[in-house]
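When you line the sequence shown up against my numbering, it's residues 1 to 270, in that order. The beta-carbon is built from N, C-alpha and C at its ideal position, and this holds for glycine as well. Structure, as structure tokens:
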Amino acid sequence: MEQLKEIAVLVQTAPDQQISLTDPDARSMATSGKGTGVVGYNVQTAVDARHYLIVAHEVTNVGNDRGQLASMAQQAQTAMGRKDLEVVADRGYFKGEEILACQSAGMTPFVPKPLTSSSKAEGRFGKQDFVYVAEDNTYRCPAGERLTSRFASVEDGMTLHVYWTSACQECALKAKCTTGKERRIKRWEHEGVLENMQKRLDQAPEKMTVRRQTVEHPFGTIKAWMGSTHFLTKTPGRVSTEMSLHVLAYNLKRVMKVLGVVPLMTAMQA
1 MEQLKEIAVL VQTAPDQQIS LTDPDARSMA TSGKGTGVVG YNVQTAVDAR
51 HYLIVAHEVT NVGNDRGQLA SMAQQAQTAM GRKDLEVVAD RGYFKGEEIL
101 ACQSAGMTPF VPKPLTSSSK AEGRFGKQDF VYVAEDNTYR CPAGERLTSR
151 FASVEDGMTL HVYWTSACQE CALKAKCTTG KERRIKRWEH EGVLENMQKR
201 LDQAPEKMTV RRQTVEHPFG TIKAWMGSTH FLTKTPGRVS TEMSLHVLAY
251 NLKRVMKVLG VVPLMTAMQA
């Protein structure tokens, strides 16, 4: 217990309150079970949807994917020599700044928004129940009232405009909307980028099926080859090298399957 108390002090003084005694750079990675995790590294890949080749990959010790979208997409642009890529990712990659960065770089992102509304979970109206009216920069609530822009604030480096109406006190739907004095809606200054992306997703729901068939395919294959075990090395440099060897072997076998052995050898000698 005395040793654990000493370690607890070290954990609290660490920048991210984590210490790995096996590998100092490894970090806790969230798993599917609630409140569970595994200590290790986060492997990111960008896979082309035609031949399932891994065009870019990276090993990080960040425990989530929210800040990885633009970086991996730009690496894929460089590797494929194309700017006009369609970038398809799951909900874990949803972050406004990352999506905006992809669009600014000439790409078309498809990332569904996480369903994390506390109001919706508690049986009240969610933000998606409020309709933005671009013509007069207002929101229309489920009761038909207009929420006007009152002020702007900066949160986590993002400029947010706050909307509300004074009609909430007498509204018959107030109990289904908010527990406060009035319902407030926050809108990011680049919210239109996210709304346009959602429209694209609504018109092309098959994109998520393509994502599962594309990026999960190499992961499943490589894990099967590894024997569903852990990395054999430690520290980011060594783990990155180990993963690069897996990716190289996977891509070589894929190209052999697509082109054939002789055409591949000919291309390598050219």
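Would you say residue i and residue j are within 8 Å of each other, going by their C-beta atoms?
i, j, result
"Gly67", "Ala30", "no"
"Val59", "Val43", "yes"
"Tyr52", "His246", "no"
"Lys181", "Cys171", "no"
"Met197", "Val111", "yes"
"Thr78", "Val215", "no"
"Asn61", "Asp84", "no"
"Ile7", "Asn251", "no"
"Val193", "Gln74", "no"
For residue i and residue j, which I take to be in contact (beta-carbon distance under 8 Å), what is that distance rounded to the nearest angstrom?
i, j, result
"His190", "Leu100", "5 Å"
"Lys127", "Ser117", "6 Å"
"Thr138", "Arg146", "4 Å"
"Pro142", "Leu173", "6 Å"
"Ala183", "Val162", "In the sequence as presented, Ala is not what sits at residue 183; that position holds Arg. 11 Å between Cβ atoms; not a contact."
"Thr178", "Arg124", "7 Å"
"Tyr93", "Asp65", "5 Å"
What does a CB cutoff of less than 8 Å around residue i pick up in its chain, not counting 5 residues either side in sequence?
i, result
"Asp16", "Arg27"
"Val154", "Leu160"
"Ala272", "With the chain covering only 1 through 270, there is no way to say anything about residue 272."
"Leu10", "Ile19"
Going by CA-CA distance only, name the one from the options that's closest to residue i.
i, options, result
"Leu248", "Arg50, Asp23, Gly40 and Ala56", "Ala56"
"Thr108", "Arg150, Gly35 and Ala204", "Ala204"
"Glu195", "Lys113, Lys253, Leu264 and Met268", "Lys113"
"Ala152", "Glu206, Arg187 and Ala121", "Arg187"
"Glu206", "Arg254, Gln12 and Ala89", "Ala89"
"Ala121", "Asp156, Gly260, Lys176 and Thr148", "Lys176"
"Ser244", "Lys257, Gly96, Ile222 and Val255", "Ile222"
"Glu97", "Ala270, Lys34, Gly237 and Gly157", "Gly157"
Report all residues from its chain with a CB closer than 7 Å to the CB of residue i; omit the five preceding and five following residues, and keep chain order.
i, result
"Gly37", "Ser28, Met29, Ala30 and Thr31"
"Asp23", "Lys234 and Thr235"
"Gly106", "Lys83 and Asp84"
"Ala49", "Val210 and Thr214"
"Arg200", "Phe110"
Check whether the Cβ of residue i lies closer than 7 Å to any heavy atom of the ligand NAP, and answer yes or no.
i, result
"Glu195", "The ligand NAP is absent from the structure shown, which contains no ligands of any kind."
With a CB to CB cut of under 6 Å and the five nearest residues on each side skipped, what residues in its chain are close to residue i?
i, result
"Val258", "His51"
"Ser240", "Val59"
Inter-stretch contact at 8 Å, needing at least 3 Cβ pairs: the segment 219-235 / the segment 117-133:
no
If contact is defined by three or more beta carbon pairs under 8 Å, each pair taking one atom from either stretch, is the segment 202-214 in contact with the segment 1-19?
no
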